[in-house]
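Engineer: Chains as they are written, first to last, in the numbering used here: chain X, 120 to 409; chain W, 120 to 409; chain L, 120 to 409; chain Y, 120 to 409. I'd like to ask you about the structure that follows.
There are 4 protein chains.
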Amino acid sequence: MRVAFLGLGSMGRAMARNLLKAGHEVVAYNRTRARAEELAKEGAHLAEHPAGIAAEVAITMVADDAALEQIVLGQQGLLAGLAKGGIHVSMSTISAALSRRLAEMHQERGQTMVSAPVFGRPEAAEAAKLFIVAAGPQQAIERCRPLFDVMGQRTFVVGDEPVMANVTKLSGNFMIASVIECLGEAFALGRKYGLEADKMLDVFTNSLFAAPVYKTYGAIIAQQKWEPAGFRLRLGLKDVRLALAAADAEAVPMPVASFIHDSFLSAVARGMGEQDWAALAKMAAERAGL
Amino acid sequence: MRVAFLGLGSMGRAMARNLLKAGHEVVAYNRTRARAEELAKEGAHLAEHPAGIAAEVAITMVADDAALEQIVLGQQGLLAGLAKGGIHVSMSTISAALSRRLAEMHQERGQTMVSAPVFGRPEAAEAAKLFIVAAGPQQAIERCRPLFDVMGQRTFVVGDEPVMANVTKLSGNFMIASVIECLGEAFALGRKYGLEADKMLDVFTNSLFAAPVYKTYGAIIAQQKWEPAGFRLRLGLKDVRLALAAADAEAVPMPVASFIHDSFLSAVARGMGEQDWAALAKMAAERAGL
Amino acid sequence: MRVAFLGLGSMGRAMARNLLKAGHEVVAYNRTRARAEELAKEGAHLAEHPAGIAAEVAITMVADDAALEQIVLGQQGLLAGLAKGGIHVSMSTISAALSRRLAEMHQERGQTMVSAPVFGRPEAAEAAKLFIVAAGPQQAIERCRPLFDVMGQRTFVVGDEPVMANVTKLSGNFMIASVIECLGEAFALGRKYGLEADKMLDVFTNSLFAAPVYKTYGAIIAQQKWEPAGFRLRLGLKDVRLALAAADAEAVPMPVASFIHDSFLSAVARGMGEQDWAALAKMAAERAGL
Amino acid sequence: MRVAFLGLGSMGRAMARNLLKAGHEVVAYNRTRARAEELAKEGAHLAEHPAGIAAEVAITMVADDAALEQIVLGQQGLLAGLAKGGIHVSMSTISAALSRRLAEMHQERGQTMVSAPVFGRPEAAEAAKLFIVAAGPQQAIERCRPLFDVMGQRTFVVGDEPVMANVTKLSGNFMIASVIECLGEAFALGRKYGLEADKMLDVFTNSLFAAPVYKTYGAIIAQQKWEPAGFRLRLGLKDVRLALAAADAEAVPMPVASFIHDSFLSAVARGMGEQDWAALAKMAAERAGL
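In structure tokens form, the structure reads like this:
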């Protein structure tokens, strides 16, 4: 299939590469052209601007709302360049509000938007082990499925409105943050009673909490290994902020998310924005005087 | 080994039975004698009162602090009846304060206390699948290990002071409650965007949150199946209260635990105390007007 | 002085009238022209659009950010119409972000912005009893002082950057909301012990809490008189949201404000958006099963 | 009237002295006898132990639950020494639970308990400017009124069950703490925008928040004058803990109180327990990186 890929950061590049490997014809675009040229060596065509992709399916994978707005709504943007009947597969972690707005704008032009944000870090993207959460018109999703299949290990279809996938993604990130916060509180308590964090973690991850999220973040917290950041705290704050914005728009109180947001803010205010977001747990320890 | 078992509720009975099956000589005591007599038919000896056990290892498994105080400190209590050099294995979920106090009192009498609270419901107790969290003097724990081995699937030794096991247990229950709360907030958000809770759950439990705690409680919440209660909300409130009391005693702020405590209180105030503690998630839905 | 007044809602109209009464020459503008015509009968000149005011001082008093953006930045907006050296006195309750942005834009055009939001309801505006919180270049504030003097009972100058006044206003509204929340929690506690809310209130307002905010809101809460709304809950939510946005922008955790925001959201979700914002206290009572 | 006064700390001594000055016959008791002897020089009789007071009205004013239990329920305690028909006026800040328990025990012996905790510091006690919050059987309160009149500037009768006065007192202290917390959050916000705390305070205390509690604590916070402590943070924590215990017992969620409790805990954990409880606001500043 001829597919455009816009946004070649560490995630996007790995994903586009997997499309190439699987034999898809890829048209690449990146704001900083150097990165696109790298991919051209591996067989990708290059587009000068988002409007120049000449593909019926265009995948976007960028850092935030602002970057996506620029690519889609900017001059010579995707909205103008995508053919009638074309599909925009938005895989970035963006706000529910932007997702809704873009879906509407695409629809007005006879285009379709599919939201398909992912769970997984760059390594997972390279290994085609992403978890993809998709939402949008069923037919469009089916058309994209061959693409999802070579980028991820599993695709979950959660609904027929694109925003549903974004909300699921934001909820998931909130839940990861809540695991970090709660481990932080539990470890702080334990340490005050002389317990070693890794002994507690051993109990948790070998009984009821035997999930990747507890193992991964539990180990970082127990070892207090805040750097290098797998996912920067500043971005964790951003994602919880997006979850709360989605909640605010539909009148959903999320008091634990609100507290986590405040604790992330405190971490940023105290200079921890570039550490791993697991450092949220450090705030819990500091609150306890540890 | 000759071992006394005090407290024959649904948990204790199943555990004592597994000791009998494994060939241990069991002396049973229960406040309500009928339950003890039942076990006598299966080969247990009966004690008239906690002081009458004539065993060097005595396991207690009761509902709360008050019941344990009665058994240990009451007239003809275990403290008086246990021989010098004897071991009290306290397996109930009790307060950190009581654990510390009893450990000290036993020590003054030349006895040893081992705390060994468990994760698992009555079915797990019957199937000898409990997770046992033990703390206390190493030698005493080793002496009890054959008993732990026939009651649980795994024993974690977390430290040499009994209270450490209690704090780990209370932390674990706080973390389960936090999973319920956070799933509740995430589902409330999703539902306002038209998502079905079980679709979200499918994403979570098949990706980063593939742990028993998410599957078990997620299913209850998605199906809104608050009755019959596997573990009553009123008891969940009690355990979070104990976690907060332990935290207060050592100056550990646990803001998420505090909020959960308040939400449990609200649930009890609104008549949900006898429902499954997963109904905490219902509070999140109601707050959102669902 | 010749002064323009843009925004003739219940607050603005009363304020403009006081300017007229004091002998100032007022040029009025309102999106809905009928309201401006009413004021014309009392001596005001009318402007067709914000750019047509031909006055060196222009006061804006509108509902929210969107309305102010429309008036200032819209076609034939104030930004275009205000002369070089002119002063825009922004008296609306708006976001810190918009205040900063407008101040910058005015400055680029050689204009000055003064922020001067107010505390007080329409009755206070009519009686010229408003409390005015002003910030901006000192000289500009002094030039506006004769205007402030006939609209309010007292003007506080809090700083030389306009945004400082907005942040003070938003902080004040957060503090009012916190008084409502805390009275709600205290009354809920008291009622469960058989206390009457007005007896508690009598103690508070005649001892340490002898301030208008406790008397006014305490009485509404004690009498559960949520309607008619003096200030609608929906607007209270908006203002706390603005305070939190200002806090987020500068990395200031405000956990009590966050909780209040969540509780306001819950109230809106449950259909109380049009009641008086004192109904936040009703949420505290409902949480307690009252 | 012949009245016993038990507990001669800085509050009690001043109050007892005012009773003496007004011509009442005072029998004094203090655990540390030296303090009682001091008062004997001013005309008080001395009792060897609480049971030896030989007075029909006995006022207690001690530090906490433990001290009151000791005086009332200890050997030769007040419970044993008070005549049938006698009145115990409990003026300490104690738990709702102890208040209820003592009221019941007195009643069983044909005695009456009146709870009459106070608002005010030692200076207010000396100047007979205390605010007294009384609850209990009306007749008993009336009998005590002449005593209240010479110790305080005003007595509020809030109900006929003693515990009601204790709950009102605990609610009041929670509300003071909430004022400190909210000023702390507001000032942290303001400071990040370049505002000076005292300018903000000037606005608040001269408009809607013109109450002693804002003036007193606002000034301490604005000047960051945490020492010497007017009321130690450790005691503030204790009182919020008592409010939450009363709330827990009757299933009243108090989320703001819970957060304040956690923040007090954090302050204690970080070595601020002996500072003025207004230092709670310092925590808000530190959370914001100030």
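Cβ coordinates follow ideal geometry from the N, Cα and C atoms, glycine included.
1) Would you call the CB atoms of residue 215 (chain L) and residue 336 (chain Y) closer than 8 Å?
2) Short of 7 Å in beta carbon distance, which residues of its chain neighbour residue 259 (chain X), apart from the five on each side in sequence? Order them along the chain.
3) Using CA coordinates, which residue listed in X:168, X:204, X:174 and X:173 is at the minimum distance from residue 196 (chain X)?
4) List, in chain order, every chain L residue whose beta-carbon is nearer than 7 Å to that of residue 369 (chain Y).
5) Can you list, in chain order, the residues of its chain with a C-beta nearer than 7 Å to that of residue 288 (chain L)? Leave out the 5 residues immediately preceding and following it.
6) What is the DSSP secondary structure of residue 232 (chain W), counted as helix, strand or coil?
7) Interface residues of chain W around residue 287 (chain X) at Cβ under 7 Å?
8) How big is the Cα-Cα spacing for residue 191 (chain W) and residue 221 (chain W)?
9) For residue 348 (chain W), which residues in the same chain have their Cβ closer than 6 Å to its Cβ, ignoring the five residues on either side in sequence?
10) What does residue 360 (chain W) reach in chain Y if we use C-beta pairs closer than 8 Å?
11) Is the CB-CB distance between residue 353 (chain W) and residue 408 (chain W) below 8 Å?
12) Which stretch, first to last residue, makes up the beta strand (DSSP E) that contains residue 179 (chain Y)?
13) Please confirm whether residue 374 (chain X) and residue 327 (chain W) have their CB atoms less than 8 Å apart.
14) Grab me the residues of residue 137 (chain W)'s own chain with a C-beta within less than 7 Å of its C-beta, minus the 5 sequence neighbours each way, in chain order.
15) Let's test the definition: count the other Cβ atoms within 10 Å of the Cβ of residue 324 (chain Y) and tell me whether it reaches 16, buried, or not, exposed.
16) State the start and end residues of the unbroken alpha helix (DSSP H) segment that holds residue 131 (chain X).
17) Does any residue of chain L have a CB that is nearer than 8 Å to the CB of residue 384 (chain X)?
18) How far does the alpha helix (DSSP H) with residue 295 (chain Y) in it extend, from its first residue to its last?
19) For a contact meaning CB atoms closer than 7 Å, what does residue 297 (chain Y) contact in chain W?
20) What residues match up with residue 121 (chain L) in a beta bridge as DSSP calls it?
21) May I ask which residues mark the beginning and end of the alpha helix (DSSP H) holding residue 168 (chain W)?
22) Is the Cβ-Cβ distance between residue 356 (chain X) and residue 322 (chain X) less than 8 Å?
23) Can you find the residues in the same chain that come closer than 8 Å, C-beta to C-beta, to residue 417 (chain Y), ignoring five residues on each side of it along the sequence?
24) Name the residues in the region 386 to 408 of chain L whose C-beta lies less than 7 Å from a C-beta of chain W; which are they?
25) Which value, in whole angstroms, describes the spacing of the CA atoms of residue 225 (chain W) and residue 181 (chain W)?
26) With 16 other CB atoms within 10 Å as the buried threshold, where does residue 151 (chain L) fall?
27) Of the choices W:201, W:240, W:291 and W:244, whose alpha-carbon is the least far from that of residue 229 (chain W)?
28) Which of helix, strand or coil does DSSP assign to residue 218 (chain L)?
29) DSSP three-state call for residue 201 (chain X): helix, strand or coil?
30) Ignore the nearest five residues each way along the sequence and tell me which others in residue 309 (chain L)'s own chain have a CB closer than 7 Å to its CB.
31) Taking buried to mean at least 16 other C-beta atoms within 10 Å of its own C-beta, is residue 255 (chain L) buried or exposed?
32) So, for residue 174 (chain X): in the same chain, excluding its five sequence neighbours on each side, which residues have a beta-carbon less than 7 Å away from its beta-carbon?
33) By the DSSP assignment, the beta strand (DSSP E) with residue 249 (chain W) in it spans what residues?
34) Output yes or no for whether 8 Å exceeds the beta carbon distance between residue 378 (chain W) and residue 378 (chain X).
35) Can you look up residue 258 (chain Y) in the DSSP assignment and give me helix, strand or coil?
36) Which stretch, first to last residue, makes up the alpha helix (DSSP H) that contains residue 355 (chain X)?
Structural biologist: So, from the data block:
1) No, these two residues do not count as a Cβ contact at 8 Å.
2) 206, 231 and 233, listed in sequence order.
3) Nearest C-alpha to residue 196 (chain X): X:168.
4) Within chain L, the residues placing a beta-carbon under 7 Å from that of residue 369 (chain Y) are 311 and 312, ordered along the chain.
5) Once the five neighbours on either side are set aside, the close Cβ partners of residue 288 (chain L) are 212, 236 and 252.
6) If DSSP states are grouped into helix, strand and coil, residue 232 (chain W) belongs with the strands.
7) Residues of chain W passing the Cβ test: 309, 314, 319 and 322.
8) The straight-line gap from Cα to Cα measures roughly 8 Å.
9) The beta carbon of residue 348 (chain W) lies closer than 6 Å to those of 394 and 395 in the same chain, with the five residues before and after it left out.
10) Within chain Y, the residues near residue 360 (chain W) are 367.
11) For the 8 Å CB-CB criterion, residue 353 (chain W) and residue 408 (chain W) do not form a contact.
12) Residue 179 (chain Y) -> beta strand (DSSP E) spans 176 to 179.
13) No, they are not a contact pair.
14) Excluding positions up to five away in sequence, the list reads 247, 269 and 270.
15) Residue 324 (chain Y) counts as buried, since at least 16 other C-beta atoms from the protein chains shown sit within 10 angstroms of its C-beta.
16) Per DSSP, the unbroken alpha helix (DSSP H) holding residue 131 (chain X) starts and ends at 129 to 140.
17) Taking a beta-carbon distance threshold of 8 Å, residue 384 (chain X) counts as an interface residue toward chain L.
18) For residue 295 (chain Y), the uninterrupted alpha helix (DSSP H) segment begins and ends at 281 to 311.
19) At a beta-carbon threshold of 7 Å, none of the residues of chain W lie near residue 297 (chain Y); the nearest stands roughly 15 Å away.
20) DSSP output for residue 121 (chain L) lists L:144 as bridge partner(s).
21) Annotation for residue 168 (chain W): no alpha helix (DSSP H) segment contains it, and DSSP assigns it neither H nor E.
22) Contact flag unset, no.
23) What the structure shows of chain Y is the stretch from 120 to 409, and residue 417 (chain Y) is not part of that stretch, so it cannot be assessed.
24) Within the region 386 to 408 of chain L, those residues whose Cβ lies closer than 7 Å to any Cβ of chain W are, in chain order, 388, 389, 406, 407 and 408.
25) In this structure, the alpha-carbon of residue 225 (chain W) lies about 18 Å from that of residue 181 (chain W).
26) Residue 151 (chain L) counts as exposed, since fewer than 16 other C-beta atoms from the protein chains shown sit within 10 angstroms of its C-beta.
27) For residue 229 (chain W), the closest C-alpha among the options W:201, W:240, W:291 and W:244 is that of W:201.
28) Note: residue 218 (chain L) maps to helix in three-state DSSP.
29) Three-state result, residue 201 (chain X): coil.
30) Result list for residue 309 (chain L): 316 and 319, in chain order.
31) Looking at its Cβ environment, which holds 16 or more other Cβ atoms inside 10 Å, residue 255 (chain L) is buried.
32) Result list for residue 174 (chain X): 121, 122, 123 and 146, in chain order.
33) Element bounds for residue 249 (chain W): 249 to 254.
34) Residue 378 (chain X) sits close to residue 378 (chain W), with the two beta carbons spaced by under 8 Å.
35) It is helical.
36) It spans 352 to 368 - the alpha helix (DSSP H) in which residue 355 (chain X) sits, taken as one unbroken run.
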